[in-house]
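S.K.: Before I ask anything, let me first share the structure, which is written out below as structure tokens.
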Amino acid sequence: MMWLVFAFGVWVIGWWLNARLAAMPRTRATSLAIPLIFGLTLIAVWEGVVRGFEISAVLLPAPSMIAARYAASTDILWEDFVQTVIKGALSGYVLGCGAAFLVAILVDRFDFLRRGLLPVGNFVAALPVIGMAPILVMWFGFDWQSKAAVVVVMVFFPMLVNTVQGLADSSAMQRDLMRTYAAGYWATLLKLRLPAAMPFVFNGLKIASTLALIGAIVAEFFGSPIRGMGFRISTSVGQLALDLVWAEIVVAAIVGSAFYGIVALIERTVTFWHPSQRH
Amino acid sequence: MSRTFVPVLTVVCGIFLLWYAAAIWLNAAWAYDKATRTGEVLTSRALVADTWSQEKPKLPAPHQVGVEIWKTTVEKKITSKRSLIYHSWVTLSATLLGFALGTGLGIALAVGIVYNRTMDMSVMPWAIASQTIPILAIAPMIIVVLNAVGISGLLPKAMISMYLSFFPVVVGMVKGLRSPDGMQLDQMRTWNASASQMFWRLRLPSSMPYLFTSLKIAMAASLVGAIVGELPTGAVAGLGARLLAGSYYGQTIQIWSALIMAAALAAALVALIGLVQRMTLTRMGMA
């Protein structure tokens, strides 16, 4: 009962604090503090409710338990991180995005190909590509190579479509200007069209960054060596060790946000000229 | 129309050609293996014929997949466990339920975010952050936990679909509900419109194009959620279960037919939303 009162109290205080902060003029500090307070409130309420209703740890472990488990098993988590993120997701991400980028430049040279490939690419980007995972695991074996292959297949089309769209983004006026400078295809590509395509390219890279992690983890459900985040999650669920599952999820959340954040940071320095970056 | 039709047809034909070529390349090893065991010498014609008609090929040829789909949809009773239509229906029902729940939740959150400043500043960053988390990874846990509480069948899968589909709707609807510009809002104010009139007559109608765009993304995401949600339940029913069972027993043709079926389902659902979009926007005079 005490814990329930605690949870309710924290919620009320948190919301009241946020309402007060939100009523103040919007500054950097408030727009950072409000989501932070909201998140902390949620965690406190979670802790209170789990303890108050005495929910079994098999169903929903309390945040404190997850934190303890996280601290106790950093070596396992690190091993899984290397297997899934570094070997599987990252190599697939680099390969897939790189290949899509090169193909996009090639496709862009031939208008016929562009008109044909763009609708097909858009179509494929909407398909449940993740279903390819069992096939690729069968082809490339259980180790990280198959996970990288799944990631390549998943990120390829969103990246391709975005880059092709970006390359078409420079206006006729700008291209004419390049022509008056007597710039050839490559000079126009490097000096005008690639820079102009960057906002689209980064949009593709950001979409691909979340897809990469999902692909690598889900591919492990179809078979993997005895390490990796997806493997650990599916086996720990079987052993009802839900605190370890949640610890893996915390790792996945941190990695996912960091990955996205890094891409967004690079975007900010590369496309500093774009209106959406100039506040 | 014909400007894009010929190139698209060319690309699709190219994909099929590549597929057939890859089938020869990937299945050749097994064909040679078989030939050396029986002691015959493979002519190139026999090799091609064999690689396109193996029982458990590494990569089935398109016509094998086509035949399998025909056999499991038209020639099987819908109630049969081997019917692909039955499995598609299992997945489709979870997809649609999850999609409906996700859309409802998304719209409700968007209205809250637009009308409540506190909610805007505290929920919105987390809604965005929630999507950088590979949520599909916790699908098995959601299924097992909900099973333990006694909820099984359709709902756990729909929950995963819901989580995946609510986000595009929130983002699209927030953008859409905020799309009326100052001039339009001022016009409503000069007509002495109440808050609810402002919502029903101006904000909601002007958000429709944004809503439909997000609904298409949400539908595709919802289908992925339902398929992945079927994996940990032990391959009982549904397209995801067919994928898993196929990968356990090396039935590649079965995997590919489930995959093509899922693709067709996704395409049909997205096309359906596109149709509703065109009809609605034409009626509203926006298209």
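In order, the protein sequence lines correspond to chains P and C.
Each residue of the first sequence is one higher than the last, beginning at 53 in the working numbering.
Each residue of the second sequence is one higher than the last, beginning at -13 in the working numbering.
A virtual CB, placed ideally from N, CA and C, is assigned to each residue, including glycine.
These figures come from a predicted structure and were not determined experimentally.
1) Please classify residue 11/C: does DSSP put it in a helix, a strand, or coil?
2) Quick check on the burial criterion: 16 or more other C-beta atoms within 10 angstroms. Buried or exposed for residue 263/P?
3) Just to check my reading of the structure: residue 122/P and residue 289/P have Cβ atoms closer than 8 Å, yes? What is that Cβ distance to the nearest angstrom?
4) Use the C-beta contact count for residue 260/C: other C-beta atoms within 10 angstroms, 16 or more gives buried, fewer gives exposed.
5) As a quick exercise: from 52/C, 25/C and 26/C, pick the residue whose alpha carbon is nearest that of residue 38/C.
6) Under the assumption that residue 293/P contacts residue 215/P (Cβ atoms under 8 Å), give the Cβ distance between them as a whole number of angstroms.
7) Would you say residue 111/C lies against chain P (beta-carbon separation less than 8 Å)?
8) In three-state terms, what does DSSP make of residue 196/C?
9) Compare the C-beta of residue 104/C with all C-beta atoms of chain P and state if any pair is closer than 8 Å.
10) What are the residues in the stretch 66 to 95 of chain C lying within 8 Å of chain P by C-beta distance?
11) Mind checking whether residue 99/C and residue 110/C have CB atoms under 8 Å apart?
12) Secondary structure at residue 335/P, three-state DSSP: helix, strand or coil?
13) Quick check on residue 312/P: buried or exposed, where buried means 16 or more other Cβ atoms within 10 Å of its Cβ?
14) Pick from 22/C, 114/C and 244/C: whose alpha carbon is nearest that of residue 229/C?
15) I'd like to know whether the C-beta of residue 55/C is nearer than 8 Å to at least one C-beta of chain D.
16) Can you find at least 3 beta carbon pairs, one from the stretch 236 to 252 of chain C and one from the stretch 207 to 226 of chain P, that sit closer than 8 Å?
17) Taking Cβ-Cβ distances shorter than 7 Å, what residues in chain C pair up with residue 169/P?
18) Report yes if the C-beta distance between residue 87/P and residue 98/P is below 8 Å; otherwise report no.
19) Quick one, which residues of the stretch 281 to 298 of chain P are near chain C if we go by CB-CB under 9 Å, in chain order?
20) Looking at residue 315/P and residue 254/P, is the spacing between their C-beta atoms short of 8 Å?
21) Does the beta carbon of residue 92/P sit closer than 8 Å to a beta carbon anywhere in chain C?
22) Going by beta-carbon coordinates alone, are residue 116/C and residue 155/C separated by less than 8 Å?
23) Find the nearest neighbour of residue 268/P within the set 186/P, 75/P, 325/P and 73/P, judged by alpha-carbon distance.
24) Taking the Cβ atom as the reference point for each residue, do residue 148/C and residue 82/C lie within a distance shorter than 8 Å?
25) Going by beta-carbon coordinates alone, are residue 248/C and residue 180/P separated by less than 8 Å?
26) Which of the three DSSP states is assigned to residue 111/P in this structure?
27) Measure the CB-CB distance between residue 205/P and residue 265/P and report whether it falls below 8 Å.
28) Would a C-beta distance cut-off of 8 Å place residue 9/C and residue 46/C closer than the cut-off?
29) What does residue 233/C touch in chain P if you count any residue whose Cβ is under 9 Å from its own?
30) Report buried or exposed for residue 49/C, applying the criterion of at least 16 other Cβ atoms within 10 angstroms of its Cβ.
31) Are the Cβ atoms of residue 267/C and residue 159/C separated by less than 8 Å?
32) Might you give, ordered along the chain, the residues of its own chain that have their beta carbon closer than 7 Å to the beta carbon of residue 166/P, omitting 5 neighbours on each side?
33) Alpha carbon to alpha carbon, what distance is there between residue 153/C and residue 113/C?
34) Run down chain P in chain order and give the residues with a C-beta less than 7 Å from the C-beta of residue 44/C.
35) Using a C-beta cutoff of 8 Å, does residue 209/P count as contacting chain C?
M.R.: For this structure:
1) Within the second sequence, numbered from 1, the residue matching residue 11/C stands at position 25. It is helical.
2) Position 211 of the first sequence, counted from the first residue, corresponds to residue 263/P. Flag for residue 263/P reads buried.
3) For the purposes of this step, residue 122/P is taken as the residue at position 70 of the first sequence. For the purposes of this step, residue 289/P is taken as the residue at position 237 of the first sequence. With 8 Å as the limit, residue 122/P and residue 289/P do not qualify as a contact, their Cβ atoms being about 17 Å apart.
4) By one-based count along the second sequence, residue 260/C stands at place 274. Exposed.
5) Position 52 of the second sequence holds residue 38/C. Residue 52/C is the option with its Cα nearest to residue 38/C.
6) For this step, residue 293/P is matched to residue 241 along the first sequence. For this step, residue 215/P is matched to residue 163 along the first sequence. Residue 293/P to residue 215/P, Cβ: 43 Å. No contact.
7) Position 125 of the second sequence, counted from the first residue, corresponds to residue 111/C. Chain P contact via Cβ: present.
8) Along the second sequence, read from residue 1 onward, the residue named residue 196/C stands at position 210. Looking at residue 196/C - three-state DSSP - the assignment turns out to be helix.
9) For the purposes of this step, residue 104/C is taken as the residue at position 118 of the second sequence. It does: the Cβ of residue 104/C has a partner Cβ on chain P nearer than 8 Å.
10) none
11) Position 113 of the second sequence, counted from the first residue, corresponds to residue 99/C. Position 124 of the second sequence, counted from the first residue, corresponds to residue 110/C. Against a cut-off of 8 Å, the Cβ pair of residue 110/C and residue 99/C comes out as a contact.
12) Nothing about residue 335/P can be read from this structure; chain P reaches only from 53 to 331.
13) Numbered from 1 along the first sequence, position 260 holds the residue referred to as residue 312/P. The residue is buried, with at least 16 neighbouring Cβ atoms inside 10 Å.
14) For the purposes of this step, residue 229/C is identified with residue 243 of the second sequence, where counting begins at 1. Closest by alpha carbon: 244/C.
15) Among the chains of the structure shown, chain D does not appear; the protein chains present are P and C.
16) With the cut-off at 8 Å, the stretch 236 to 252 of chain C and the stretch 207 to 226 of chain P do not touch.
17) One-based indexing of the first sequence puts residue 169/P at position 117. Ordered by position in chain C, the residues that pass the 7 Å Cβ test against residue 169/P are -3.
18) Within the first sequence, numbered from 1, the residue matching residue 87/P stands at position 35. Within the first sequence, numbered from 1, the residue matching residue 98/P stands at position 46. No, they are not a contact pair.
19) 281, 282, 285, 286, 288, 289, 290, 292, 294, 297 and 298
20) In the first sequence, counting from the first residue as 1, residue 254/P sits at position 202. In the first sequence, counting from the first residue as 1, residue 315/P sits at position 263. Their beta carbons are under 8 Å apart, which means residue 254/P touches residue 315/P by this criterion.
21) Sequence index remark: in the first sequence, residue 92/P carries index 40 (1-based). Not an interface residue.
22) Within the second sequence, residue 116/C is the residue found at index 130, counting from 1. Within the second sequence, residue 155/C is the residue found at index 169, counting from 1. In this structure, residue 155/C does not lie closer than 8 Å to residue 116/C by Cβ.
23) Here residue 268/P is taken as the residue at index 216 of the first sequence, counted from 1. Per the Cα distances, 186/P.
24) Taking the second sequence and counting its residues from 1, one reaches residue 148/C at position 162. Taking the second sequence and counting its residues from 1, one reaches residue 82/C at position 96. No, the Cβ-Cβ distance between residue 148/C and residue 82/C is not below 8 Å.
25) As a working note, residue 248/C is residue 262 in the second sequence. As a working note, residue 180/P is residue 128 in the first sequence. Closer than 8 Å, so yes.
26) In the first sequence, counting from the first residue as 1, residue 111/P sits at position 59. In the three-state DSSP reduction, residue 111/P falls in the coil class, being neither helix nor strand.
27) Taking the first sequence and counting its residues from 1, one reaches residue 205/P at position 153. Taking the first sequence and counting its residues from 1, one reaches residue 265/P at position 213. Cβ atoms of residue 205/P and residue 265/P: not closer than 8 Å.
28) On the second sequence, position 23 is the one that residue 9/C refers to. On the second sequence, position 60 is the one that residue 46/C refers to. Less than 8 Å divides the Cβ of residue 9/C from the Cβ of residue 46/C.
29) In the second sequence, residue 233/C corresponds to position 247, counting from 1. Going along chain P in sequence order, the residues near residue 233/C (Cβ under 9 Å) are 185, 186, 187, 189, 190, 274 and 275.
30) Here the question's residue 49/C lines up with position 63 in the second sequence. Residue 49/C should be labelled exposed.
31) As a working note, residue 267/C is residue 281 in the second sequence. As a working note, residue 159/C is residue 173 in the second sequence. Cβ atoms of residue 267/C and residue 159/C: not closer than 8 Å.
32) Indexing the first sequence from 1 puts residue 166/P at position 114. Answer for residue 166/P: 159, 160 and 216, listed in chain order.
33) Stepping through the second sequence from its first residue, residue 113/C is reached at position 127. Stepping through the second sequence from its first residue, residue 153/C is reached at position 167. Their backbone Cα atoms lie some 7 Å apart in a straight line.
34) In the second sequence, counting from the first residue as 1, residue 44/C sits at position 58. Per Cβ cutoff of 7 Å: 191.
35) Translated into the one-based positions of the first sequence, residue 209/P becomes position 157. It does not; no Cβ of chain C falls within 8 Å.
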